[in-house]
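K.L.:
Let me give you the structure first, and then I'll get to my questions.
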Amino acid sequence: MSRTIDVAVVGATGLVGEVMIQTLQERSFPVGKLFPLASSRSAGRTVRFRDETIPVGVLDDFDFGKVRIALFSAGGSVSGEFGPRAASAGAIVIDNTSHFRRDEDIPLIVPEVNSHRIADYAKRGIIANPNCSTIQLVVALKPIYDAVGIERINVATYQAISGAGRAALETMTEDARQIMSGIDPLRRGNEKPVMFNVVPHIADFLDNGYTTEEMKMVWETRKILEEPDMQVNPTAARVPVYFGHSEAAHIETRKKITAPEARELLRSAPGVVVIDGHELGSYPTAATDAAHRDAVFVGRIREDLSHPNGLDLWIVSDNIRKGAALNSVQIAEILVNRFM
0 MSRTIDVAVV GATGLVGEVM IQTLQERSFP VGKLFPLASS RSAGRTVRFR
50 DETIPVGVLD DFDFGKVRIA LFSAGGSVSG EFGPRAASAG AIVIDNTSHF
100 RRDEDIPLIV PEVNSHRIAD YAKRGIIANP NCSTIQLVVA LKPIYDAVGI
150 ERINVATYQA ISGAGRAALE TMTEDARQIM SGIDPLRRGN EKPVMFNVVP
200 HIADFLDNGY TTEEMKMVWE TRKILEEPDM QVNPTAARVP VYFGHSEAAH
250 IETRKKITAP EARELLRSAP GVVVIDGHEL GSYPTAATDA AHRDAVFVGR
300 IREDLSHPNG LDLWIVSDNI RKGAALNSVQ IAEILVNRFM
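Under numbering that gives the first Met the number 0, the very last position in the sequence shown is 339; numbers go up by exactly one each time.
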């Protein structure tokens, strides 16, 4: 990456946007000029990048002909309106929302899993970043899938509150203060509090009884692995953790694989760190291992007692970093190395 690339970050003042800018700097991405963008509500704000203070521009007024790459993380409706506009102006859009993920002519990319599909960006000038829970799941399962195939995935997710945005983070913190002071938190209609609780409800319910958050894992896993009939059965819950999603994955493979064999495959897999022992603390957790780190951590690797080809894994990863910002920047790195 010898030449510089001008980059726009749409949603620069949000949780993901901030970490996108941080990640661009940490990984020495060859940014020529950075254009942080947000809505007019963020007028007057600034961001720090490479010891420089940069004013946040107003998205509505921006000419995307000024940049080669545009990282989007400002909500699906914003991406739906401005993503095609940016692409038509010549920018390659990497979108972190769900707006384009199911479009057949837009690649859905996890670099460790299906980077060969990045070339498909040329069809519409847009690349979709998957859901954070899907990303860590497929990163952990890809080496097993390649080795022995996977027939079925049962997965329960325990998702950090940061996945719901900055306001949800602040609400949970305030609820904790009130509860610890002996005060019942203010009720918000029928919404269940997350603090000191586990809430099996993320996003909207669909007619099949699953939520959109759960169905994203079904649709996206099938698309990324190019297995349209893959059986995926998810349950998504919100837990009182700030950063880092956890997943209990129970898979059924086409061919038998032992726990030691799976462990060795995962130890050599890109983007994966294995912490898997049988002693106290010899397993990864969101707060102690995944938060603010780039890897997908895997532990509790064991053969399923209830199925001859079953394997169980515990998977944790930072939902804002690998689940959003880092994955987007990794895609941008491949674009620069292979296509620019």
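A virtual CB, placed ideally from N, CA and C, is assigned to each residue, including glycine.
Report the rounded CA-to-CA distance for D119 versus I256, giving the unit in angstroms.
P.N.:
The sequence position of residue 119 within the sequence shown is 120, counting from 1. The sequence position of residue 256 within the sequence shown is 257, counting from 1. Cα to Cα, the separation comes out at about 33 Å.
K.L.:
Can we say the segment 51–66 touches the segment 84–93, given the rule of at least three CB pairs closer than 8 Å?
P.N.:
Yes: at least three Cβ pairs fall under 8 Å.
K.L.:
Report the rounded CA-to-CA distance for A261 versus V8, giving the unit in angstroms.
P.N.:
As a first step, residue 261 must be located in the sequence shown, where it is residue number 262. As a first step, residue 8 must be located in the sequence shown, where it is residue number 9. Looking at the two C-alpha atoms, the distance is approximately 38 Å.
K.L.:
Which ranges would you report for the alpha helix (DSSP H) in the segment 63–110 if only whole runs of at least 4 residues count?
P.N.:
75–87, all fully within the segment 63–110.
K.L.:
Taking the C-alpha atoms as reference points, what is the distance between P239 and S161?
P.N.:
What you label residue 239 is simply residue 240 of the sequence shown in a count that begins at 1. What you label residue 161 is simply residue 162 of the sequence shown in a count that begins at 1. Rounded to whole angstroms, P239 to S161 spans 10 Å at the Cα level.
K.L.:
In its own chain, which residues sit with a C-beta less than 7 Å from the C-beta of V351, not counting the 5 before and 5 after it?
P.N.:
Because the chain here runs from 0 to 339, residue 351 falls outside it and cannot be looked at.
K.L.:
Please tell me whether N318 and F195 are closer than 8 Å, where the distance is taken between their beta carbons.
P.N.:
If you number the sequence shown from 1, residue 318 lands on position 319. If you number the sequence shown from 1, residue 195 lands on position 196. Their beta carbons are not under 8 Å apart, which means N318 does not touch F195 by this criterion.
K.L.:
What are the boundary residues of the beta strand (DSSP E) that includes A127?
P.N.:
As a first step, residue 127 must be located in the sequence shown, where it is residue number 128. A127 -> beta strand (DSSP E) spans 125–127.
K.L.:
Leaving out the 5 sequence neighbours to the left and right, which residues in its chain are closer than 8 Å to D258 when beta-carbon positions are compared?
P.N.:
Residue numbering aside, residue 258 sits at position 259 when the sequence shown is read from its first letter. Checking the sequence shown, residue 258 turns out to be Ala, not Asp. So the qualifying residues of the chain are I300, R301, E302, L310.
K.L.:
Note down the Cα distance separating P80 from A166, rounded to an integer number of angstroms.
P.N.:
Along the sequence shown, one-based indexing puts residue 80 at 81. Along the sequence shown, one-based indexing puts residue 166 at 167. It should be pointed out that residue 80 corresponds to Glu in this sequence rather than to Pro. Going by the C-alpha atoms only, they are around 24 Å apart.
K.L.:
Please state if the CB of S97 and the CB of M19 are separated by a distance shorter than 8 Å.
P.N.:
Working through the sequence shown from its first residue, we reach residue 19 at position 20. Working through the sequence shown from its first residue, we reach residue 97 at position 98. Their beta carbons are not under 8 Å apart, which means M19 does not touch S97 by this criterion.
K.L.:
When DSSP labels each residue in this structure, what does M0 get in the three-state scheme?
P.N.:
Here residue 0 refers to the residue found at position 1 of the sequence shown. Only weak support is given to the placement of M0: the predicted model assigns it a pLDDT of 44, under 50, and the value that follows is read from those uncertain coordinates. The answer is coil: DSSP assigns M0 none of H, G, I, E or B.
K.L.:
So what does T156 bridge to, in DSSP terms?
P.N.:
Position 157 of the sequence shown, counting from 1, holds the residue named residue 156. BP columns for T156 point to A235, E246.
K.L.:
Suppose you measure from the CA of V15 to the CA of Q21; what does that come to, to the nearest Å?
P.N.:
Working through the sequence shown from its first residue, we reach residue 15 at position 16. Working through the sequence shown from its first residue, we reach residue 21 at position 22. Those two C-alpha atoms are separated by around 10 Å.
K.L.:
Which residue comes first and which comes last in the alpha helix (DSSP H) that contains E17?
P.N.:
Sequence index remark: in the sequence shown, residue 17 carries index 18 (1-based). Where E17 is concerned, the enclosing alpha helix (DSSP H) stretches over 14–25.
K.L.:
In angstroms with no decimal places, state the Cα-to-Cα distance between E332 and G322.
P.N.:
Along the sequence shown, read from residue 1 onward, the residue named residue 332 stands at position 333. Along the sequence shown, read from residue 1 onward, the residue named residue 322 stands at position 323. E332 and G322: Cα-Cα distance of roughly 16 Å.
K.L.:
If you compare alpha carbons, which of F296, V46, A155, M229 is closest to A37?
P.N.:
Translated into positions along the sequence shown, residue 37 becomes position 38. Considering only alpha carbons, the answer is V46.
K.L.:
For the alpha helix (DSSP H) containing K141, list its first residue and its last residue.
P.N.:
By one-based count along the sequence shown, residue 141 stands at place 142. That run of the alpha helix (DSSP H) goes 131–147.
K.L.:
Return yes when at least one heavy atom of the ligand ADP lies under 7 Å from the C-beta of I256, else no.
P.N.:
Ligands displayed in this structure: none; no statement on the ligand ADP is therefore possible.
K.L.:
Taking the Cβ atom as the reference point for each residue, do G43 and I4 lie within a distance shorter than 8 Å?
P.N.:
Position 44 of the sequence shown, counting from 1, holds the residue named residue 43. Position 5 of the sequence shown, counting from 1, holds the residue named residue 4. Cβ atoms of G43 and I4: not closer than 8 Å.
K.L.:
Can you confirm whether the segment 132–143 touches the segment 216–223 when touching is taken to mean that 3 or more C-beta pairs between the two stretches lie within less than 8 Å?
P.N.:
The segment 216–223, when compared against the segment 132–143, does touch it at the 8 Å Cβ threshold.
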